[in-house]
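Some notes on the structure that comes next.
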Amino acid sequence: MLPSIEHRLAAEIAAKPAQVAAAIALLDEGATVPFIARYRKEATGGLDDMQLRLLEDRLRYLRELEARRAAIVESITEQGKMTPELLKALSLAPDKTQLEDLYLPYKPKRRTKVQIAQEAGLEPLADALLANPMLNPEEEAANYLREPFTTEQGDNPGIPDAKAALDGARQILMERFAEDASLLQALREYVQTHGVVESKVREGKDAAAEKYADYFDYSESLSTIPSHRALALFRGRREEMLDVRLRLDSEEERPAWSAPLNPCETRIASRFGIQDRNRPADRWLMDTVRFTWRVKSFMHLELELMGALRARAETEAIQVFARNLKDLLLAAPAGPRATMGLDPGVRTGVKVAVVDETGKVVDTAVIYPHQPRNDWDGSLHTLARLAEKHRVALIAIGNGTASRETDKLARDLIKLRPELKLTSIVVSEAGASVYSASEFASRELPDMDVSLRGAVSIARRLQDPLAELVKIDPKSIGVGQYQHDVSQYDLARSLDAVVEDCVNAVGVDVNTASAPLLARVSGLGNSVAQAIVAHRDATGKFASRAQLRDVPRLGEKTFEQAAGFLRIMDGDDPLDASAVHPESYPLVQRILADIQQDLKAVIGNGTLLKSLNPSKYTNAQFGLPTISDILRELEKPGRDPRPEFTTAAFRDGVETLADLKPDMILEGVVTNVAAFGAFVDVGVHQDGLVHISALSNTFVKDPHSVVKAGQIVKVKVLEVDEKRKRIALTMRLSDAAAPVDRKPHAAPRDNRSQGKPTDGKPSRVPASAPAGGAMAAAFAKLKS
């Protein structure tokens, strides 16, 4: 028998079975991952949120596997075909693939050619020819001719001639060969190692498929093709631009029937003792082997392995999206400062919204500094008046159309009115339009024009990115890789987990948080979050965590899960503003009694707290991990895990692609990290690509180990292709730019938000190799 689920999971997440069992019990009781990771460390032995997320996903898979195993055993037993050997094999199958391989011969099927042949009595013919190749197939088949007849299953055409008899016998052997579980696994392993994914442009689609030019004549090993290229191929095939197929590396084209057996066909023949020794039945048996491989085994494996490739590619793409989203959500907040949000536009004007320190909208306007009105001075006057009236400290500028021109307007304002002490920052406006038209925005800003709501979102996301971005569907934030090509269910589940972890890592002020933010708190959800907001609106601010119990539908279990992540600032009890869980308040009082100090004297007193011995206060309920966490929290209550707020300074005079020159060194912001590199906004309305080979002077396997979304970096311009709107950058500032007289060819394309399938043609080169053409030459130079 296989080890228990607990033991299998323990091996996968590098934990002990007892830790896994405790975590499973808590999950089954309804506890959330953030709650278990922070407040049940004694039970789980300190499993972190990443281990718990993996455990949660794998637990779901393994339980589905065991349920499927039970159903298969029941099905075969009901058929009366179960044997001790088969039961043992089924019990030891480690995954769904091998389990289904074993079930394949017993799986109920529609009435097939094989069943018809078996009804006609052709199985003895198949067995005879396989067992004795000295038999003459045609002569032996003549003994099995039969008139048409009817069975309970339906009409049977009978066996009119030797050819029909041999065809039926072949169908029987082909199914037997194709459904041999051990053979199928051996073939699968060979194709996984020696399979090649190949694509060609469809006839007559050269022009329409131009964005897939890198894949017009492409091949790469099945085992090494990276996720972004695999998803590009699948998209090209789905759009009927590319023909994509799988072949063995030993086969450039399908071999002729007279050619020697390929390695997989040889394996089939060997498994059943078939050899070509010029005996009467040898040729017929060899052809049966070929038919088995080409018609059954390979088609089955091609479908399965290409599906597995897609699944792997989707998983990696979702992981990339999740990491980028986490970095974006945990970006440094500017904090509670009055902020002016500018949503740039040209013809429709620049939308302006001013929010106070709490994010409340206090004023709005629309200005027209750009064409066709060119009211630059009037716009400066309006902005200055709003900034002075509301004591604005920050100006947040969306990075869409006309952002650099609008940024120049803000910088002119800062020069003209230095006494206002303004700071301008360009921020990502991805998803702002989605928020503007959302149902929540309609409830939150009911009397405001949709066009102005985007400016409000831009201002607030500078103050607190996490609090604002949770109002937007994560898929609309624009940090994904091929996000529209992956399972939307799996993507949503993964991103929801990221948002939940980020929100709970930071904590939420229950008296200021929006319903969408509260809904992400451990144990709450939309209905309870809305009930909290409604109760707050009706009765005023919460003075203590204990008052949360008065909220309708917020029961004891929900309170247990959520209370530690909810903050009451300036409330009745200072502990309510910390991450100390209410269940631990008696422990804090015991510590205070022991050291004869009051809470106010202890909070923030690092010297005193570090002098305490945590083990002194352990008991049956509270272990060393919890007590250590409490002492750290008392030292810095409500500590924010996010970094300090900093801003990037875009270079003056560099506002369009035409302004970029090779060898320029610029400051920029990482907008997206993909498997093949990072996209960086340098202030020209088009992100540049730092290929993975240009991220560092040392080898980089994963770009996320070097950069993350929202990070400020210095880059050098290697090459600019204005026609295709592509910028090649490097973070290795000593690298030289590409020669300007080189003809540009296929190069990395921007897939910042849509995941466009264009990151260079890697045909027959390592998976980490850069793109072709002039940019490829530069990248190759970088790698040398």
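Residue 8 is where the sequence shown starts when you use the numbering used here, and the numbers rise one by one after that. Where is the CB? At the ideal position from N, CA and C, for every residue including glycine. A quick note: this is a predicted structure, and the numbers were derived from the prediction, not measured.
I'd like to confirm the pairing. Which residues does DSSP put opposite residue i in its beta bridges?
i	result
residue 726	735
residue 688	676
residue 207	224 and 250
residue 156	163
residue 516	574
residue 720	675
residue 744	None, per the DSSP bridge assignment.
residue 402	347 and 431
residue 681	684
residue 385	Paired residues: none, contrary to the question.
residue 255	202
Drop a sphere of 10 angstroms on the beta-carbon of residue i, count the other beta-carbons inside from all chains shown, and report buried for 16 or more, exposed for fewer.
i	result
residue 305	buried
residue 310	exposed
residue 44	buried
residue 386	buried
residue 530	buried
residue 299	buried
residue 717	buried
residue 87	exposed
residue 605	exposed
residue 760	Low local confidence applies: a pLDDT of 36 at residue 760 is under 50, so the model's placement there is unreliable, with the coordinate-based value given in what follows. Under this definition residue 760 is a buried residue.
residue 30	buried
residue 695	buried
residue 269	buried
residue 650	exposed
residue 368	buried
residue 187	buried
residue 766	At residue 766 the pLDDT is 42, less than 50, meaning the model places this residue with poor confidence; the figure from the coordinates comes in the next sentence. By the 10 Å Cβ count, residue 766 comes out buried.
residue 505	buried
residue 646	exposed
residue 313	buried
residue 719	exposed
residue 740	exposed
residue 41	buried
Within the continuous beta strand (DSSP E) that includes residue i, where are the two ends?
i	result
residue 698	695-698
residue 455	Run containing residue 455: none; DSSP gives neither H nor E here.
residue 227	224-228
residue 358	357-362
residue 374	368-374
Where does the unbroken alpha helix (DSSP H) through residue i begin, and where does it stop?
i	result
residue 636	631-642
residue 234	234-245
residue 179	169-185
residue 346	From DSSP, residue 346 is part of no alpha helix (DSSP H) but of the beta strand (DSSP E) over 346-350.
residue 539	533-546
residue 134	130-138
residue 289	289-298
residue 328	305-336
residue 123	120-126
residue 189	188-201
residue 657	Premise fails: residue 657 is in no alpha helix (DSSP H) and is neither H nor E.
residue 108	103-110
Which one of the options has the shortest CA to CA distance from residue i?
i	options	result
residue 662	498, 571, 612 and 406	406
residue 302	367, 178 and 70	178
residue 655	458, 228, 435 and 121	435
residue 342	507, 628, 354 and 365	365
residue 466	192, 314 and 430	430
residue 394	382, 415 and 371	371
residue 643	610, 340 and 181	610
residue 597	326, 565, 638 and 560	638
residue 730	665, 744 and 147	665
residue 571	377, 251 and 582	582
residue 55	21, 246, 414 and 473	21
residue 297	271, 322 and 314	271
residue 500	181, 325 and 285	325
residue 205	190, 358, 218 and 230	230
residue 219	202, 237, 23 and 39	237
Is residue i close to the ligand ATP? I mean its beta-carbon at under 7 angstroms from any heavy atom of the ligand.
i	result
residue 466	This structure lacks the ligand ATP, and indeed carries no ligand of any kind.
Original post:
What runs of the alpha helix (DSSP H), each 4 residues or longer, lie entirely inside the segment 9-81?
Top reply: 12-20, 24-35, 40-46 and 48-51
**OP:** Output the residue ranges of the beta strand (DSSP E) runs that lie fully inside the segment 405-466 and measure 3 residues or longer, sorted by chain position.
**Re:** 430-434
Original post:
Quick one: complete alpha helix (DSSP H) runs, 4+ long, within the segment 583-637?
Top reply: 592-602, 606-609 and 613-618
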